[in-house]
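Step one of this worksheet: look at the structure below.
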Amino acid sequence: MDVDNLVQKFQEEKDVLAYEKLYEMYNKSMLGVINNIIRDEDLSKDILQEVFLKVWDNIESYTPKKGRFFTWLLNISRNAAIDKTRSKDYRIHKQNQSLDIFVNISEQEEKEVSDEEKSLFAKIQKMSEKCRKVIDLIFYKGYTQRETSEELDIPLGTVKTRSRSCLENLRLSINR
1 MDVDNLVQKF
11 QEEKDVLAYE
21 KLYEMYNKSM
31 LGVINNIIRD
41 EDLSKDILQE
51 VFLKVWDNIE
61 SYTPKKGRFF
71 TWLLNISRNA
81 AIDKTRSKDY
91 RIHKQNQSLD
101 IFVNISEQEE
111 KEVSDEEKSL
121 FAKIQKMSEK
131 CRKVIDLIFY
141 KGYTQRETSE
151 ELDIPLGTVK
161 TRSRSCLENL
171 RLSINR
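Residue numbers (full-length UniProt numbering): 1 to 176.
Now the structure itself:
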């Protein structure tokens, strides 16, 4: 059964098997997105569970006409991770962590990614370097537009314009 049929079955009937299949299809990709922002595997797994609870509770808000299920789920995952990084508890937790966690942070580990995630990544790689940097900082690393402005040493207005135009170009390339 394809994704659209699974989503429709889940939306219409709250079908548990369809939900489990969707979880099975996307949990590793979403965990990767969350962990890329959080950098704490256990906390990332907790957030992933919260994301799929949100999906269960809010599946009726997904509209296929507005975009693909993968994109909707990606936004929920990304937003949940960013919300966590902005919470007071998270900041206190990060201040209290030992330095051991940072020893292997630069090592890339093999992870399974969905075909949709590979396709999205390929489309991003074809974009200009300016777009790739803004998308990486804002959407994959969870930076605010102000933090992105400071990191890239460009005006905030430029970041806002660039992120809007780059995302529009990405959206158009996905819908082709």
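We put the CB at the ideal spot given by N, CA and C, even for glycine.
Worksheet item: Going by the CB atoms, is the gap between Ile38 and Ala81 shorter than 9 Å?
Response: Within the sequence shown, numbered from 1, the residue matching residue 81 stands at position 81. Within the sequence shown, numbered from 1, the residue matching residue 38 stands at position 38. Note that the C-beta distance between Ala81 and Ile38 is below 9 Å.
Practice prompt. Write down the C-beta distance between Met25 and Leu48 rounded to the nearest angstrom, noting that I regard them as a contact closer than 8 Å.
Written response: As a first step, residue 25 is located in the sequence shown; it is residue number 25 there, counting from the start. As a first step, residue 48 is located in the sequence shown; it is residue number 48 there, counting from the start. Not confirmed; about 13 Å, so no contact.
Practice prompt. Under 8 Å by Cβ, that's how I've got Leu74 and Val33 pegged, so tell me the actual separation to the nearest angstrom.
Written response: For the purposes of this step, residue 74 is taken as residue 74 along the sequence shown, with counting starting at 1. For the purposes of this step, residue 33 is taken as residue 33 along the sequence shown, with counting starting at 1. About 6 Å separates the two Cβ atoms, so the contact holds.
Worksheet item: Is DSSP giving Arg78 helix, strand or coil here?
Response: Taking the first residue of the sequence shown as position 1, residue 78 is located at position 78. Here Arg78 sits in helix by DSSP.
Discussion item. Under 8 Å: do the stretch 127 to 141 and the stretch 154 to 164 share three or more Cβ pairs, one atom per stretch?
Written reply: yes
Worksheet entry | Simplified DSSP assignment, three categories, for Asp136 | For this step, residue 136 is matched to residue 136 along the sequence shown. If DSSP states are grouped into helix, strand and coil, Asp136 belongs with the helices.
Item to complete: Take the Cβ of Lys14 as the centre, count every other Cβ of all protein chains shown within 10 Å, and call the residue buried at 16 or more, exposed below.
Response: Here residue 14 is taken as the residue at index 14 of the sequence shown, counted from 1. So Lys14 counts as exposed.
Worksheet item: Is it the case that the Cβ atoms of Leu6 and Phe70 are separated by a distance below 9 Å?
Response: The sequence position of residue 6 within the sequence shown is 6, counting from 1. The sequence position of residue 70 within the sequence shown is 70, counting from 1. The answer is no: Cβ separation not under 9 Å.
Worksheet item: So, helix, strand or coil for Met25, using DSSP?
Response: Here residue 25 is taken as the residue at index 25 of the sequence shown, counted from 1. Here Met25 sits in helix by DSSP.
Discussion item. Rounded to the nearest angstrom, what separates Cys166 and Tyr23 at their Cα positions?
Written reply: As a first step, residue 166 is located in the sequence shown; it is residue number 166 there, counting from the start. As a first step, residue 23 is located in the sequence shown; it is residue number 23 there, counting from the start. So the alpha carbons of these two residues sit roughly 29 Å apart.
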